[in-house]
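Residue numbers (my numbering): 901 to 1334.
No residue lacks a Cβ here, since even glycine has one placed at the ideal position from N, Cα and C.
Note that the coordinates shown come from a computational prediction; the quantities given were computed from them, not determined experimentally.
The structure appears below as structure tokens.
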Ligand code: SF4
Ligand code: SF4
């Protein structure tokens, strides 16, 4: 049967976020009329009995139905809503799980909240949920999973639950991401990192003890984080992402310089770096925008191979430069010299998701250059994206055009795939794209 186009989002179609006393569809936050929205709840949970497949599917269907009938929903205004051919709601299967089932943490970050460090344990048993969903065949073939919290290692019975999920045969979890602050070392996380089974993201957010205390809200643990990351990084297999969330307290150039010195001292330059901002800032000002670019350029100059902006930063930077800089001002600014090398070129774009869409529409780069064509490992039904044909990855072997990886989450995997195809890494655009 032919699918019809309708409004929905990836999360409504297949995600579950396990909170301590509720399940949610997503962790998306967005502003509507200056008010933060998102984190849409599926249902409240008091015990194992409250979680069942029928209720989850029916709550998802309800929002999708209302979205398509112009009725009010908690998703209204969310940038993730797309009109396209989604799987019919009766076919909803879970392809993404986020475990945030406890809110115990040994930090109190300024950008965080009680929701994540309030001290709750889950009202239900995660291992039982896995069994229940398995029995009802509620999983898609590929299920990605993220572990957060709270601090994951402080989840009651963490080792047993973590092992049970990671070693699961059905579903076989792919793209397993662990968000740990790394204040406490975990041999299990280390073991799975060495086996390249997981990707660890740790936010550091400071280059000095003083700033650490302001941003992370605790005194203990600043250098432990760097020591533990160094331990986790022994095999240097590239599965660690070091994140820096810019806040009002930690964005000055001297703080960034101290942070980069620590990265060098603890031999972490081979890791991936992700620059983010506190989601509470709706807009960036000139000083913060320039310091983000300073950060990016300094990490690159220090020898960091992979430096990325997350979605929060990218969107805010695009918005800032669009509203405050003319194309002529951008042309004259030497901060964008590296980007200028890719002007007046036909660029191959790897990726056909929202990231690609936004970068093509909003970036300075694509005001000066053109898309040659798109490639994507996942073939789209009609093989078209923004009126251009989408090819399979091997197509990149037929020319020497520069390649833009249009994904922040999978940047590194795609980069490896490109090198595995035998493509010269110089063709990959590895610079600040705004
Ligand atoms: S549309 Fe947005 S708010 Fe609604 S579930 Fe999807 S991501 Fe969450
Ligand atoms: S480490 Fe994570 S969970 Fe803990 S307070 Fe910070 S942001 Fe929140």
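- Message: Please determine whether the Cβ atom of residue 914 lies at a distance below 7 Å from any heavy atom of ligand 2.
- Response: no
- Could you work out which residue in 1131, 995 and 1038 is closest to residue 1167 when comparing CA atoms only? 1131
- Can the beta-carbon of residue 1107 be found less than 8 Å from the beta-carbon of residue 996? no
- Task: Figure out for me which residue from 1327, 1174 and 1199 has the closest Cα to the Cα of residue 1161.
- Result: 1199
- Rank 1224, 1175 and 1184 by C-alpha distance to the C-alpha of residue 1206 and give the top, closest one. 1175
- Query: Buried or exposed: which applies to residue 936, given that a residue is buried once 16 or more other Cβ atoms fall within 10 Å of its Cβ?
  - Reply: exposed
- Alpha carbon to alpha carbon, how far is residue 1254 from residue 1320? Give it in angstroms, no decimals. 25 Å
- Query: What is the residue span of the beta strand (DSSP E) that residue 1250 lies within?
  - Reply: 1246-1250
- Alpha carbon of residue 966 to alpha carbon of residue 927, nearest angstrom: 20 Å
- Item | residue 1281 versus residue 984 - alpha carbon distance | Residue confidence is low: residue 1281 scores 48 on pLDDT, short of 50, so the model does not pin down where it sits. No coordinate-derived value is stated.
- Specify whether the region 1025-1042 and the region 961-980 touch according to this definition: at least 3 beta carbon pairs, one from each stretch, less than 8 Å apart. no
- Cross-strand partners of residue 936 (DSSP beta bridge): 931
- Item | Residue span of the alpha helix (DSSP H) that contains residue 1166, given as start and end | Run containing residue 1166: none; DSSP gives neither H nor E here.
- According to the neighbour-count rule (16 or more other Cβ atoms, all chains shown, within 10 Å of its Cβ), is residue 1264 buried or exposed? buried
- Message: Let me make sure I understand the geometry here. Which of 1187, 932 and 1173 has the alpha-carbon closest to that of residue 979?
- Response: 932
- Closest Cα partner of residue 999 within the set 1027, 1290, 987 and 1006: Ranking 1027, 1290, 987 and 1006 by Cα distance to residue 999 puts 1027 first.
- Task: Would you kindly work out how many angstroms separate the C-alpha atoms of residue 907 and residue 1015, rounded to a whole number?
- Result: 29 Å
- Query: CB residue 946 to CB residue 1025, shorter than 8 Å?
  - Reply: no
- Message: Less than 7 Å separating the Cβ of residue 918 from some heavy atom of ligand 2?
- Response: Ligand 2 has no heavy atom closer than 7 Å to the beta-carbon of residue 918.
- Task: Please classify residue 1200: does DSSP put it in a helix, a strand, or coil?
- Result: helix
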